[in-house]
Amino acid sequence: MRRLRIAQPRSLQSRQLWAASLGLIAFLALAGFALDRAFQSTAQSGMRERLHSYALAYANSDFARDGSVIPPYDPPDPRFRRPGSGLYAQILLPSGQWQSDSAQGPRLPEGAMLDAGQRVFEGPLPLTRIDGGAGQVYRYGYGLLWTGSEDSRREFPYTVYILEDTTALGRQVAAFRSALWRYLGGAGVVLLLLQMLVLRWSLRPLRDVIAELKRVQHGQAAGMSEAHPRELEPLTDSINAFIEGERENLDRQRNTLADLAHSLKTPLAVLRTRLDSGAGESELRDEVETQLRRMNDLVGYQLARAARSGHQLFAAPIEIEPQAEQIVTGLEKVYAAKRVLCEFEIAAEARFHGETGDLQELLGNLLENAFKWARSKVLLTVAEGTPVPGRRPGLSITVEDDGPGIADDRIAHVLQRGVRGDERVQGHGIGLAIVQDIVKAYRGELHVGRSQELGGAKFEVVLPPGL
Numbered sequence: 001m002r003r004l005r006i007a008q009p010r011s012l013q014s015r016q017l018w019a020a021s022l023g024l025i026a027f028l029a030l031a032g033f034a035l036d037r038a039f040q041s042t043a044q045s046g047m048r049e050r051l052h053s054y055a056l057a058y059a060n061s062d063f064a065r066d067g068s069v070i071p072p073y074d075p076p077d078p079r080f081r082r083p084g085s086g087l088y089a090q091i092l093l094p095s096g097q098w099q100s101d102s103a104q105g106p107r108l109p110e111g112a113m114l115d116a117g118q119r120v121f122e123g124p125l126p127l128t129r130i131d132g133g134a135g136q137v138y139r140y141g142y143g144l145l146w147t148g149s150e151d152s153r154r155e156f157p158y159t160v161y162i163l164e165d166t167t168a169l170g171r172q173v174a175a176f177r178s179a180l181w182r183y184l185g186g187a188g189v190v191l192l193l194l195q196m197l198v199l200r201w202s203l204r205p206l207r208d209v210i211a212e213l214k215r216v217q218h219g220q221a222a223g224m225s226e227a228h229p230r231e232l233e234p235l236t237d238s239i240n241a242f243i244e245g246e247r248e249n250l251d252r253q254r255n256t257l258a259d260l261a262h263s264l265k266t267p268l269a270v271l272r273t274r275l276d277s278g279a280g281e282s283e284l285r286d287e288v289e290t291q292l293r294r295m296n297d298l299v300g301y302q303l304a305r306a307a308r309s310g311h312q313l314f315a316a317p318i319e320i321e322p323q324a325e326q327i328v329t330g331l332e333k334v335y336a337a338k339r340v341l342c343e344f345e346i347a348a349e350a351r352f353h354g355e356t357g358d359l360q361e362l363l364g365n366l367l368e369n370a371f372k373w374a375r376s377k378v379l380l381t382v383a384e385g386t387p388v389p390g391r392r393p394g395l396s397i398t399v400e401d402d403g404p405g406i407a408d409d410r411i412a413h414v415l416q417r418g419v420r421g422d423e424r425v426q427g428h429g430i431g432l433a434i435v436q437d438i439v440k441a442y443r444g445e446l447h448v449g450r451s452q453e454l455g456g457a458k459f460e461v462v463l464p465p466g467l
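Take the sequence shown: its letter number 88 is residue 88 in my numbering, and every next letter is one higher.
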């Protein structure tokens with residue numbers, strides 16, 4: 001069975017370079033097209049003004065009594081005297097027409113009489129050259145009305161046409177286009193090179209992050225440095241938090257295994273001693289049962305300490321009220337004889353960002369401790385912490401009871417692992433220690449004091465805003 005090869009995504013630099021290059025090429029093409037059209041329009045406008053000035057010169061022509069044209073002695077441009085020069089003059093009369101010397105040979109396009117004052121500019125129009133080849137011309141027409149002297153009292157319309165070959169304009173446009181695309185091409189190459197340098201410079205922080213991450217992987221660095229742009233700070237902070245969390249988890253696992261091995265060392269040594277002493281079967285059975293119970297308690301203790309999974313950087317938010325209700329339901333059955341009432345004041349928007357097991361450990365140990373010492377009432381208060389822009393909100397969990405409370409000088413003692421507030425009360429003394437470990441793993445704080453509302457103990461867990 002053939003394995004499908006998945007195309008490897010392009011790098012960020014190549015993607016940005018391709019996108020910017022295509023955008024630059026499109027911009028230069030549109031700019032070149034716009035400049036070309038603008039130059040053609042300007043060149044045609046200039047030609048129109050020039051042909052208009054020639055038409056005004058021939059509009060001052062005089063007419064003989066027989067109606068023939070008497071053109072200016074000196075034409076406005078010497079090309080009007082040179083046959084086939086590409087610049088032609090034509091005057092249309094009701095009885096005929098007159099053409100400049102330059103029109104000898106070429107066959108000019110037919111023109112119509114224009115009304116007095118009417119002006120037209122048209123083209124390109126077809127033209128047959130002297131050599132018989134096809135050409136094109138632009139034509140400017142100006143309609144006029146000639147009025148004779150008072151004694152003749154004659155007037156008649158006439159039209160002056162000035163025609164110019166498109167070759168000159170074509171050469172201008174071709175020269176402009178050649179220079180335009182040469183300069184635009186050179187500018188495009190320079191901009192592409194500059195763009196590559198800018199991309200390499202702008203992506204250098206990412207390459208630095210990758211290099212630092214490789215050094216961390218090879219054990220050459222303890223974590224990511226803080227010398228990065230602010231846009232990359234959330235990424236580097238998350239990486240550092242992940243690295244620190246993994247190190248803490250590894251240290252915790254090593255410590256747990258070391259503590260468990262050390263704890264089991266003594267019971268195993270006792271069993272070995274009893275076996276070697278040749279004790280009787282009954283005595284040996286009692287000793288084995290005693291040491292097995294002790295080892296079972298030690299294993300349970302160590303597993304309870306390692307049960308929490310620790311701070312999870314990218315955990316989904318968890319609703320708190322359903323977890324609290326489940327725990328309180330079980331506690332109300334265990335402490336049914338005390339008839340303890342537990343009230344909730346949980347903000348609707350409050351969420352725990354972490355593992356469900358950690359939340360259950362927090363709430364379970366705090367609420368169980370409160371049920372154990374309360375006389376009749378327990379209060380659970382949950383609220384969001386102070387919001388921080390760009391970070392998920394923190395969390396405050398407070399459990400209060402109406403029991404005897406904890407004296408200030410005994411708070412540190414009670415929070416120690418394996419210490420119970422009252423040795424007469426059943427328990428292992430590790431519940432609050434587990435709470436402390438979880439709070440520490442989430443980089444939070446545990447405050448213990450006296451409840452102002454109920455009068456008993458007050459345990460407040462404050463978790464900071466997350467990344």
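By construction, the Cβ of each residue, glycine as well, lies at the ideal position given by its N, Cα and C atoms.
A straight line joining the alpha-carbon of G170 with that of W98 spans about 28 Å. V448 has F459 as its beta-bridge partners, per DSSP. Looking only at S282, T42, A64, I397, the smallest Cα-Cα distance to F176 is reached by T42. Looking at the DSSP output, F344 sits in a beta bridge with L380.
Beta-bridge analysis with DSSP links E246 to no other residue. Residue E233 holds the alpha-carbon nearest to the alpha-carbon of P205 among E233, Y335, Q195. By the neighbour-count definition (other C-beta atoms within 10 Å, threshold 16), F371 is a buried residue. Straight-line measurement puts the Cα of R207 at about 10 Å from the Cα of W201. Taking each of A55, I397, I239 in turn and checking the Cα distance to F121, the smallest one comes out for A55. The beta-carbon separation of V340 and V378, rounded to 6 Å, stays under the 8 Å limit for a contact.
The shortest CA-to-CA distance from D358 to any of E349, I438, L12, V288 is the one to I438.
Judged by DSSP in its simplified three-state form, I318 adopts strand.
Sequence-distant Cβ neighbours of S225 in its own chain, meaning closer than 7 Å and more than five residues away, are E212. Around the Cβ of H353, a 10 Å sphere holds 16 or more other Cβ atoms; the residue is buried. C-alpha of F80 to C-alpha of R37: approximately 30 Å in a straight line. As DSSP reads the structure, Y142 sits in a beta bridge with R119, V160.
For S396, the closest of E319, L144, Q323, V461 by C-alpha to C-alpha distance is V461.
Assignment of Q360 by DSSP, reduced to helix, strand and coil, places it in the helix class. Residue A383 holds the alpha-carbon nearest to the alpha-carbon of E349 among E332, E361, A383, T356. Following the DSSP letters along the chain, one finds E400 inside the beta strand (DSSP E) bounded by residues 395–401. Within the segment 194–246, the complete alpha helix (DSSP H) segments of 4 residues or longer fall at 204–217, listed in chain order. In the DSSP annotation of this structure, the continuous segment of the alpha helix (DSSP H) that includes A412 starts and ends at 411–414.
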